[in-house]
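Order-wise, the sequence lines are chains A and B.
Counting in the numbering used here, the first sequence runs from 1 upward without gaps.
Counting in the numbering used here, the second sequence runs from 233 upward without gaps.
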Amino acid sequence: MTGEPPKPSRRERLRAQTLQEIEDNSFAIIDADGVHALSIAALARSMAMSAPAVYRYFPSRDALVIHLITLSYRQLTDAMAQALQGSRRAPRARIGLLVTAYRDWALRHRRRYGMLFGERGGDLPADGGGPTPLDQAMALLIDLLTAVGDGSPADGTTGDRVLDGQLGKWARSQERPDTSARAARVALMVWTRVHGIVGLELTGMFDDRGIDAQRLIDLEIDDAVRALSAPA
Amino acid sequence: MPEQQLTRRDRYRRRTVAEIKEAAMAQVRSGGPEALSLAAVARTMAMSAPALYRYFAGRDELLAELAVDAHLALARTLEAAAAGATTPAARLRAVAVAYREWALAQPHAYRLACESPHGCVASAAQRSMNVLLDIVAEAGAPPDAVIPAPLRAQLHRWNDGAGRRGHPAGVRHFGLVWWSRLHGLISLELAQHTVGIGIDPGLLYRSEVETMVDSLRHGVTAGSSR
Numbered sequence: 001m002t003g004e005p006p007k008p009s010r011r012e013r014l015r016a017q018t019l020q021e022i023e024d025n026s027f028a029i030i031d032a033d034g035v036h037a038l039s040i041a042a043l044a045r046s047m048a049m050s051a052p053a054v055y056r057y058f059p060s061r062d063a064l065v066i067h068l069i070t071l072s073y074r075q076l077t078d079a080m081a082q083a084l085q086g087s088r089r090a091p092r093a094r095i096g097l098l099v100t101a102y103r104d105w106a107l108r109h110r111r112r113y114g115m116l117f118g119e120r121g122g123d124l125p126a127d128g129g130g131p132t133p134l135d136q137a138m139a140l141l142i143d144l145l146t147a148v149g150d151g152s153p154a155d156g157t158t159g160d161r162v163l164d165g166q167l168g169k170w171a172r173s174q175e176r177p178d179t180s181a182r183a184a185r186v187a188l189m190v191w192t193r194v195h196g197i198v199g200l201e202l203t204g205m206f207d208d209r210g211i212d213a214q215r216l217i218d219l220e221i222d223d224a225v226r227a228l229s230a231p232a
Numbered sequence: 233m234p235e236q237q238l239t240r241r242d243r244y245r246r247r248t249v250a251e252i253k254e255a256a257m258a259q260v261r262s263g264g265p266e267a268l269s270l271a272a273v274a275r276t277m278a279m280s281a282p283a284l285y286r287y288f289a290g291r292d293e294l295l296a297e298l299a300v301d302a303h304l305a306l307a308r309t310l311e312a313a314a315a316g317a318t319t320p321a322a323r324l325r326a327v328a329v330a331y332r333e334w335a336l337a338q339p340h341a342y343r344l345a346c347e348s349p350h351g352c353v354a355s356a357a358q359r360s361m362n363v364l365l366d367i368v369a370e371a372g373a374p375p376d377a378v379i380p381a382p383l384r385a386q387l388h389r390w391n392d393g394a395g396r397r398g399h400p401a402g403v404r405h406f407g408l409v410w411w412s413r414l415h416g417l418i419s420l421e422l423a424q425h426t427v428g429i430g431i432d433p434g435l436l437y438r439s440e441v442e443t444m445v446d447s448l449r450h451g452v453t454a455g456s457s458r
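Take a look at the structure:
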């Protein structure tokens with residue numbers, strides 16, 4: 001932020017307060033039943049407000065949901081960044097901290113996690129392909145993987161030139177233009193693998209089998225990190 | 233039991249249950265598990281809602297049954313794909329391709345089976361898992377020794393289902409990892425995340441499948457990066 005913001009008027013303060021209440025009540029509905037249960041009418045009821053009054057803050061349910069998705073991404077990304085703060089451990093260990101923070105957030109906010117990464121097939125608006133706050137977390141992951149892979153004799157390609165091109169473009173959009181396609185591929189690999197395990201864990205699929213998801217994740221990260229230096 | 237040995241009443245009941253499930257699945261296919269409403273199912277069947285409740289105690293029970301059906305349909309698809317290929321590597325690829333095609337063709341059924349708590353029916357999911365486990369076992373089990381002891385013990389305790397031989401921990405680990413990797417990619421593809429960042433999900437999927445074909449040869453947990 002730049003400079004001292006001007007003192008908000010009473011009207012602005014009230015508006016900010018109501019906005020905060022809308023966010024809190026929306027998250028309460030989502031956390032209890034999932035985002036599909038969130039409607040402007042249900043929200044208004046839970047706040048003892050009229051629906052038209054809510055519409056003065058958000059022109060549509062989609063606009064509200066997009067706002068909540070952005071907030072949730074930010075909460076997730078903040079949790080991940082915080083896990084790394086002040087850590088002087090080796091890059092591989094810091095990848096572990098980052099991923100553990102991701103999983104912990106997902107387990108604590110399972111419905112919000114579902115809103116971000118599942119439930120998209122139904123009535124949810126798409127992100128629109130624009131940058132999300134999650135990109136900041138991916139950039140952290142890319143930096144750590146680049147540090148792990150430093151000095152590796154392997155060339156930086158994945159063996160698939162079309163995919164290399166797309167990965168290069170993605171890395172540039174993360175403001176990491178010097179990232180090899182290989183490192184970008186491994187960053188995505190870590191994400192898709194961790195998401196797969198956490199997703200199955202959230203359904204309860206590991207409970208019956210008595211499998212500790214964190215241990216599966218550790219081995220998966222080790223395996224992905226090895227792919228940094230494996231021959232293409 | 234074959235139809236003709238059932239009483240008239242049981243036959244009627246069986247047909248009604250099938251019809252309810254069909255109508256409910258049509259709703260899930262078009263709007264996802266969240267869209268299922270028992271009242272709407274009753275309406276399409278020209279039935280009263282209370283009458284419908286004589287067949288299913290509630291929405292959750294109906295969704296759980298639909299999830300089992302979806303798991304079994306997926307398992308049959310994977311079994312056919314595995315049977316159509318001759319080497320473990322070719323089977324691995326064929327099953328992976330069939331898994332993705334099935335999910336993309338009916339994304340909501342996939343979500344019900346693999347992304348909702350309703351789909352968490354161990355015995356139903358196990359049948360697909362057994363397709364994977366058999367391929368891994370045929371390829372030659374990756375060594376157990378490289379899996380950390382606590383996880384190895386958990387994998388040992390895992391039940392493969394009635395009448396199945398117990399697979400070694402290395403095979404089960406590979407099977408689980410295989411499933412979670414494919415699931416992670418498909419789940420993010422269905423939610424438009426992969427396309428959203430400008431990556432062709434098909435290429436990413438193929439690249440992960442080839443990684444798995446390689447580790448099937450070398451053992452997925454072989455070596456250590458630490």
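Ideal Cβ positions, reconstructed from N, Cα and C, are used throughout, including at glycine.
All figures in this text were calculated on a predicted structure; none of them were measured in a lab.
- Here ASP62/A carries a helix assignment [DSSP, helix/strand/coil].
- Of the candidates VAL441/B, ALA299/B and ARG241/B, VAL441/B places its Cα closest to the Cα of ARG193/A.
- Between the segment 277–291 of chain B and the segment 337–345 of chain B there are fewer than three inter-stretch CB-CB distances shorter than 8 angstroms, so the stretches are not counted as touching.
- Relative to the Cα of ASP62/A, the nearest Cα in the group ASP33/A, ASP78/A and MET115/A belongs to MET115/A.
- With a threshold of 8 angstroms between beta carbons, SER348/B makes contact with chain A.
- Around PRO382/B, the beta-carbon contacts reaching into chain A at under 8 angstroms are ASP212 and ARG215.
- The three-state secondary structure of ILE429/B, taken from DSSP, is coil.
- Apart from sequence neighbours up to five positions away, the residues of its chain that approach LEU202/A with a beta-carbon distance below 8 angstroms are ALA106, LEU107, ARG110, TYR113 and GLY114, ordered along the chain.
- When rounded, the separation of the alpha-carbon atoms in LYS169/A and VAL162/A is 11 angstroms.
- For PRO282/B, the enclosing alpha helix (DSSP H) covers residues 281–285.
- Put simply, the backbone Cα of PRO6/A is about 37 angstroms away from that of ASP143/A.
- Sorting ALA373/B, LEU304/B and GLU347/B by C-alpha distance to the C-alpha of MET361/B places LEU304/B at the top.
- Residues of the segment 399–410 of chain B that bring their beta carbon within less than 8 angstroms of a beta carbon in chain A comprise HIS405, LEU408 and VAL409, in sequence order.
- Check the Cα spacing between LEU140/A and each of PHE117/A, ILE95/A, GLN166/A and ASP150/A: the tightest is with ILE95/A.
- Close to GLY290/B, with beta-carbon spacing below 8 angstroms, lies no residue of chain A; the smallest spacing is near 15 angstroms.
- A contact between stretches requires three or more CB pairs, one per stretch, nearer than 8 angstroms, and the segment 254–272 of chain B fails this requirement with the segment 321–330 of chain B.
- When Cβ-Cβ separations below 8 angstroms define contact, HIS425/B makes contact with chain A.
- Taken in chain order, the complete alpha helix (DSSP H) segments of 4 or more residues contained in the segment 133–172 of chain A are 134–149.
- Here VAL190/A is near VAL99/A, since their CB atoms are less than 8 angstroms apart.
- Counting only unbroken stretches of 4 or more residues, the alpha helix (DSSP H) elements lying wholly within the segment 30–99 of chain A are 40–47, 51–55 and 61–84, in sequence order.
- A Cβ of chain A is located within less than 8 angstroms of the beta carbon of ASP432/B.
- By the 16-neighbour rule on beta-carbons within 10 angstroms, SER419/B is buried.
- In the DSSP assignment, VAL327/B falls within the alpha helix (DSSP H) that extends over 320–337.
- Contacts with chain B at 8 angstroms (Cβ-Cβ) include ALA227/A.
- Taking 8 angstroms as the cut-off, the Cβ atoms of VAL409/B and VAL353/B do not count as close.
- Annotation: Cβ neighbours of MET205/A in chain B (cutoff 7 angstroms, chain order): CYS352 and ALA357.
- Take the alpha-carbon of ILE217/A and the one of LEU84/A: they are about 18 angstroms apart.
- SER26/A places its beta carbon less than 8 angstroms from that of LEU38/A.
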